[in-house]
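Numbering (the numbering used here), first residue to last: 80 to 184.
These notes concern the structure reproduced below.
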């Protein structure tokens, strides 16, 4: 496979992966806001109906667990992106080394 075709296929895969990662980032934020709003409402209603305090605490615990899992995924995404950049740089360096340069005679 020529290097131009290989480079364009790698670039298109990289763009697709970046788009997929960016589309995943919007969902968890909305869910987290919803969980926190629900916990706040249940906590406020819990002032009158004390049983809802327990439900509010459980919802807050779920929200914190969700935030911790999301943070771990973000950290893994950063590690993967860093590895991808290193792979791309090493591939670019190997392509430059393999291309013959001008020769003197």
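From the three backbone atoms N, C-alpha and C, an ideal C-beta is built for every residue, glycine too.
All of these numbers come straight from a predicted model, not from anything done at the bench.
Quick check: what's the CA-CA separation for residue 157 versus residue 92? Numbered from its first residue, the chain shown carries residue 157 at position 78. Numbered from its first residue, the chain shown carries residue 92 at position 13. Each residue's alpha carbon lies about 17 Å from the other.
Taking the beta carbon of residue 142 as the centre, do at least 16 other beta carbons fall within 10 Å, making it buried, or is it exposed? For the purposes of this step, residue 142 is identified with residue 63 of the chain shown, where counting begins at 1. Counting C-beta atoms within 10 angstroms of its own C-beta, residue 142 has 16 or more neighbours from the protein chains shown and is therefore classed as buried.
Contact check, residue 138 vs residue 121 under 8 Å by CB: the rounded distance? Looking up residue 138 in the chain shown gives position 59. Looking up residue 121 in the chain shown gives position 42. That belief holds up - the Cβ atoms of residue 138 and residue 121 are roughly 6 Å apart, short of 8 Å.
Neighbourhood of residue 172 by C-beta, 6 Å cutoff - its chain only, sequence neighbours within 5 removed: Residue mapping note: residue 172 aligns to position 93 of the chain shown, counting from 1. The answer is none, since no qualifying residue turns up.
Burial state of residue 162 (16 or more Cβ within 10 Å): The residue given as residue 162 occupies position 83 in the chain shown. That one is exposed.
My output table needs one value for residue 126: the three-state DSSP class, helix, strand or coil. As a working mapping, residue 126 is identified with position 47 in the chain shown. Looking at residue 126 - three-state DSSP - the assignment turns out to be coil, as it is neither helix nor strand.
Among the residues of its own chain, which have a CB less than 8 Å from the CB of residue 148, if the five just before and after it don't count? On the chain shown, position 69 is the one that residue 148 refers to. For residue 148, where only same-chain residues beyond five positions count, there are no Cβ hits under 8 Å.
Proximity below 8 Å, CB of residue 131 to CB of residue 125: To locate residue 131, count along the chain shown from 1; it is residue 52. To locate residue 125, count along the chain shown from 1; it is residue 46. A contact, by the Cβ cut-off of 8 Å.
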